[in-house]
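Chains U and B supply the protein sequences, listed in that same order.
Start counting the first sequence at 10; every next residue gets the next number (the working numbering).
Start counting the second sequence at 10; every next residue gets the next number (the working numbering).
Just so you know, even glycine gets a beta-carbon here, dropped at the ideal spot from N, CA and C.
Written below as structure tokens is the structure these notes are about.
Protein chains: 2
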Amino acid sequence: MILPATAQKFIVHWGEMGARWGINRSVAQIHALLYLSPKPLPADEIVETLTIARSNVSVGLKELQTWGLVRATQTLGDRRDHFETSTDVWELFRVILRERKRRELDPTLAVLRECVAEAKASESIQLPELDDRLEAMLEFIELTDAWGERAAKLAPKNLRRLAKLGDSIFKLAE
Amino acid sequence: MILPATAQKFIVHWGEMGARWGINRSVAQIHALLYLSPKPLPADEIVETLTIARSNVSVGLKELQTWGLVRATQTLGDRRDHFETSTDVWELFRVILRERKRRELDPTLAVLRECVAEAKASESIQLPELDDRLEAMLEFIELTDAWGERAAKLAPKNLRRLAKLGDSIFKLAE
DNA sequence: CCATAATTTCTGTTTTTACTGAAATAACAA
DNA sequence: TTGTTATTTCAGTAAAAACAGAAATTATGG
């Protein structure tokens, strides 16, 4: 596939942004390509289009599948797997949210709860406010976690509606 | 400073989480240490506590200062800089939000707008839905950007209040 | 079964990022 | 000034991550 310059620009930028958020550059590029693609793509076509090694594409696709962002589909008369992602940005957001919550927020919550428990048990002279600071951080992560949970539960349509409600929501807090 | 085990656990975990979000591990650790510290710390004390090289601490502190997360303070009778961060998690959140918006969201918006303009100009046969997909993504980033903007403008107290309103907000969207 | 196609795993290489220690610079007190 | 302390810059090193190509495995059609 010969990629339009516009698509290239998007994919490259997406790779760059992914890298800044802890996502492997090629993984993000593969996902961006699938997002733009009108149809599921076989691994070889990804190889050609992005000019990265076959093995690398294989690993990247696996990774995207563990995130629940990409799935393999079969077509009649073709032994190869074809890969696709949702084209609904809100659905993608939801999936990423859920997965980052599971991988990062939840473990952090666990650690923080342990820390708070320990801090309560033994007041330190070195860090008298340890307990307070950890509790404040715990509350923050708990609230973030709860938002993530709720957002991940919403249907994509509703998530979009909520996002568009922005202004009126923020007025509640002024 | 001899760090309580609990503080160590928190700092190490925080470094790890930072790394997953594109923040250098030691930079995140330095910030975590300052967050727990009852008073501003001189660079040397950070060196001892985290056992990383002086130069590394220097670079890390610079980085945190460019983020607006850390500031240097002077004390009478001590030539050394002492470094401190806000102890208000909501304030920290606000600062990070603003900075990531500036560094990542805004440039992405610019690229996406270019892409959408280009896609409209030249419909591609390869990717007929390029335009639609880019527009959907643009809308998503625009809404995210707007939320970030508004959240970054709120006073920390109000941000916390809003966060606690979670449930009722999400009911709006069901 | 065999041959072939598709995919994955593995190993070594390349690239990038992080880090250290030394040297240079700056800030300051005597 | 000059000596001392603090900080930054720089160059080389080390560690980590990403990647490619080959080999191995798996799946499938004949």
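Item                                                                                                                  : Value
C-beta neighbour in chain U for B:Ile-105, strict 8 Å                                                                 : no
Closest by C-alpha distance to U:Ala-112, when choosing among U:Ala-128, U:Gln-135, U:Gly-77                          : A quick correction: the sequence has Arg, not Ala, at residue 112 of chain U. For the residues U:Ala-128, U:Gln-135, U:Gly-77, the minimum Cα distance to U:Arg-112 belongs to U:Gly-77.
Own chain, CB closer than 7 Å to U:Leu-43, minus 5 neighbours either side, in chain order                             : Leu-50, Val-79, Phe-92, Glu-93, Thr-94
is_contact[U:Pro-47, chain B] using C-beta, thresh 8 Å                                                                : yes
Boundaries of the beta strand (DSSP E) in which U:Gln-38 is found, first to last residue                              : Per DSSP, U:Gln-38 belongs to no beta strand (DSSP E); it is in the alpha helix (DSSP H), 34-45.
C-beta neighbour in chain B for U:His-22, strict 8 Å                                                                  : yes
Neighbouring residues, chain U, relative to B:Pro-137 (Cβ below 7 Å)                                                  : Pro-47
Contained beta strand (DSSP E) runs [length at least 3] in the segment 24-108 of chain B, N- to C-terminal order      : 79-84, 87-94
U:Ile-20, DSSP secondary structure in three states                                                                    : helix
Contacts of U:Glu-93 in chain B (Cβ-Cβ under 8 Å)                                                                     : Result: empty, since nearest Cβ-Cβ is about 13 Å, beyond 8 Å.
Nearest residue (CA-CA) to B:Lys-180, options U:Arg-34, U:Asp-140, U:Leu-168, U:Ala-28                                : U:Leu-168
Cutoff 8 Å: U:Val-79 Cβ touching any chain B Cβ                                                                       : no
Inter-residue spacing [alpha-carbon to alpha-carbon] between U:Leu-118 and B:Val-120                                  : 36 Å
Beta-carbon proximity list for U:Thr-84, same chain, < 7 Å, skipping 5 on both sides                                  : His-91
Touch test, the segment 154-172 of chain B against the segment 52-72 of chain U, Cβ-Cβ under 8 Å, three pairs minimum : no
Beta-carbon gap between B:Gly-27 and B:Leu-106 smaller than 8 Å                                                       : no
For U:Met-146, three-class secondary structure by DSSP                                                                : helix
Contact under 8 Å by Cβ, B:Ala-81 with B:Arg-63                                                                       : no
Cβ-based burial, B:Thr-60 [other Cβ within 10 Å; buried from 16]                                                      : exposed
Positions along the segment 21-43 of chain B whose CB lies within less than 7 Å of some CB in chain U                 : His-22, Met-26, Arg-29, Trp-30, Gly-31
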